[in-house]
Amino acid sequence: MQNQNNEPKFEILHMPPENTNSVLVSVGDDAVIFDPWGHPESWQNLIEQRGLKLRAIYITHGHSDHISSAPKLATEYDVPWYMNHADNDLVMWGNQLLDFFQIPRIEPGYRQPTDIGAGTREILHGVKMDVIETPGHSAGGLTFYFPDFGILLTGDTLFRDCVGRCDLPGGDENTLKQSISKIYEMGLPDSTYVVHGHGIDSTIEILKKQNPYFE
Ligand SMILES: [Zn+2]
16 MQNQNNEPKF
26 EILHMPPENT
36 NSVLVSVGDD
46 AVIFDPWGHP
56 ESWQNLIEQR
66 GLKLRAIYIT
76 HGHSDHISSA
86 PKLATEYDVP
96 WYMNHADNDL
106 VMWGNQLLDF
116 FQIPRIEPGY
126 RQPTDIGAGT
136 REILHGVKMD
146 VIETPGHSAG
156 GLTFYFPDFG
166 ILLTGDTLFR
176 DCVGRCDLPG
186 GDENTLKQSI
196 SKIYEMGLPD
206 STYVVHGHGI
216 DSTIEILKKQ
226 NPYFE
């Protein structure tokens, strides 16, 4: 069956064990995944059950709770996984966290990510995405903005009430502050829907009112 609805669709997915906000963008059967947390088999089941054709994977930053399924899915479906190269060293570093969650480790020889930096690109059938470099939580942190849909994915740079930690490898407090200013200074509409790496979603209006770091 062909999916007749070709309107781009954005879905926030909480794959078990619930921890991270993953995002699935689809147009018809074609799909792109952001931050595929969880067990690769969960994603494969979802993809097969829904008959999706995975086209690419995008990563806000290289911590294991955002990339756990990326190398495996990239290999399985022969698609690129895009991540800023400054986070390449974090890929294996996070394996202990995966042990804790009983998710398969990323093994040596994993499929390498494709570097991505600032710029605008079309990710799927007319869906345009601005990539903003927002280091500080990690060295290669990225924020993704979809201007035609008013949706912003901040990863762990910014949360509804606070900001990401900067005490992990590659983290830096001043850099994080500058990155948050960069997002603030984009002057996005108040109604912009903001999906964070963890926790409850917000809007630019909510961030202005509730998040003391958003300035
Ligand atoms: Zn993180």
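Each residue of the sequence shown is one higher than the one before, starting from 16 at the first, in the numbering used here.
Glycine included, C-beta positions come from ideal geometry on N, C-alpha and C.
DSSP places Glu-91 within a helical segment (H, G or I) once states are collapsed to three. With the rule of 3 Cβ pairs closer than 8 Å, the stretch 77-84 counts as touching the stretch 47-54.
DSSP lists Ser-41 and Leu-69 as the bridge partner or partners of Ala-46.
With contacts defined by Cβ atoms closer than 8 Å, Leu-139 and Arg-65 do not form a contacting pair.
Look at which beta carbons fall closer than 5 Å to any heavy atom of ligand 1; those residues are His-78 and Asp-171. For the set Leu-105, Met-107, Glu-122 and Pro-95, the Cα lying nearest the Cα of Asp-130 is the one of Pro-95. Here the stretch 148-166 lies against the stretch 187-197, with 3 or more beta-carbon pairs under 8 Å apart. Within the DSSP bridge table, the entry for Arg-136 names Met-144 as partners.
In this structure, DSSP gives Tyr-199 a helical state, which the three-state scheme calls helix. By the Cβ-count criterion, Asn-226 is buried, with 16 or more other Cβ atoms from all chains shown falling within 10 Å of its own Cβ.
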